[in-house]
Amino acid sequence: MKIFDARDEYKKNKELRVEDVRALQEWVEKEPHMPPISECLLIAFMQSCYWSMEQTKAAIEKFVTWRAAWPDLFAALDHHLKSIDQHLLTILPMESKKSYRLLYYKLMIPDSARFIATDLVKLMDMVVAMDVMEKGPYGGLILVCDLTDYDSASILKLRGTESRRFLKYLQEAVPVRVKAIHYIIPGKHLELIITLVKPFLNRTLLGKLHFHDSYEALCKRISQVELPKEFGGKKPTLKQLHENMKRSLAENVDFIKDVEKLVANEALRDRSNLSVDSELGLGVGAQGSFRKFNVE
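Letter by letter, the sequence shown follows residues 925 to 1220 of the numbering used here.
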């Protein structure tokens, strides 16, 4: 996979300054627990954090710390390629909003018996990482999650620690600007999904959360042209999108393995770093010593 060219980003974005990225590189190098982080990924984090150095450092810290603390979500990503037949998850350019991209999700094989929530999280992580590093930073990401084929058993499998952690990761650590989340879900399951999602979204993203009972309702918010052909859009069919997703993942296993290495080494963390706090999965003990604990 060809990674985006950092030089192009410096030319396109007046807010992106070489000296800021160099300062981030120096910070990463001085933090013993940090893995090597490429210039391109640092640029993606800066753009997603609206060029704030403080917010960028916080997002990077959460990104590497949570990925290390939650191996059930972020380790052995390539081993889960076997589960991708059940899910379609793809990111597409938007025609109506030129600087935005649309993340589209749909269950391809409705079978709650084989549904595993962690597999879905791993798939989303792989797809988003590949898209950001190939296409480069963009204005915003709009999520459309089609849950019309979910039954109650599948939704209940989402109501676990893994889903809560991923929602936190999506909001605070992924190097993209999430602009809206749209769920398409029948009314009988609406209360279940609201119970799952709303308690774990911050106030900003709650205002960007929308529920729809049909594609017709969704199209009042998003132009129909952005959708797959089956729903009157100009994008490829569900089958074509699914095959493209599977092929892309299979061709980029080496990149996925590199992403797995972006984790903090807690054995090397500077324990005098007082900026580490409970949000990062680390807490200060009674005598000032650090201890590890779970973030829910």
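Beta carbons: idealized from backbone N, C-alpha and C, even for Gly. Keep in mind the model is a prediction, meaning the values are calculated, not measured.
Collapsing the DSSP output to three states places L1120 in a helix. Linking M1169 to D1178 through their CA atoms gives a straight-line distance of about 16 angstroms. Between D1070 and Y1024, the beta carbon gap of about 19 angstroms keeps them out of contact (Cβ cut-off 8 angstroms). Under the rule that a run must span 4 or more residues, the alpha helix (DSSP H) segments found entirely inside the segment 961–994 read 963–972 and 977–993. Taken atom to atom, the span from the alpha-carbon of L1114 to that of P960 is near 42 angstroms. Assigned with DSSP and collapsed to three states, V1187 falls in coil, not helix or strand.
For H957, no beta strand (DSSP E) segment is defined, and its DSSP state is neither H nor E. In this structure, DSSP gives G1157 a state outside helix and strand, which the three-state scheme calls coil. Non-local beta-carbon contacts of R946 in its own chain, meaning distances under 7 angstroms to residues more than five positions away in sequence, are absent.
T1072 and A1141 have their C-alpha atoms spaced approximately 13 angstroms apart.
F987 sits away from V1045, with the two beta carbons spaced by 8 angstroms or more.
Residues F969, C973 and A1097 of the same chain have their beta carbon placed closer than 6 angstroms to that of A983, with the five preceding and five following residues left out of the count.
Taking 8 angstroms as the cut-off, the beta carbon of H1166 is found closer than this to the beta carbon of L1012.
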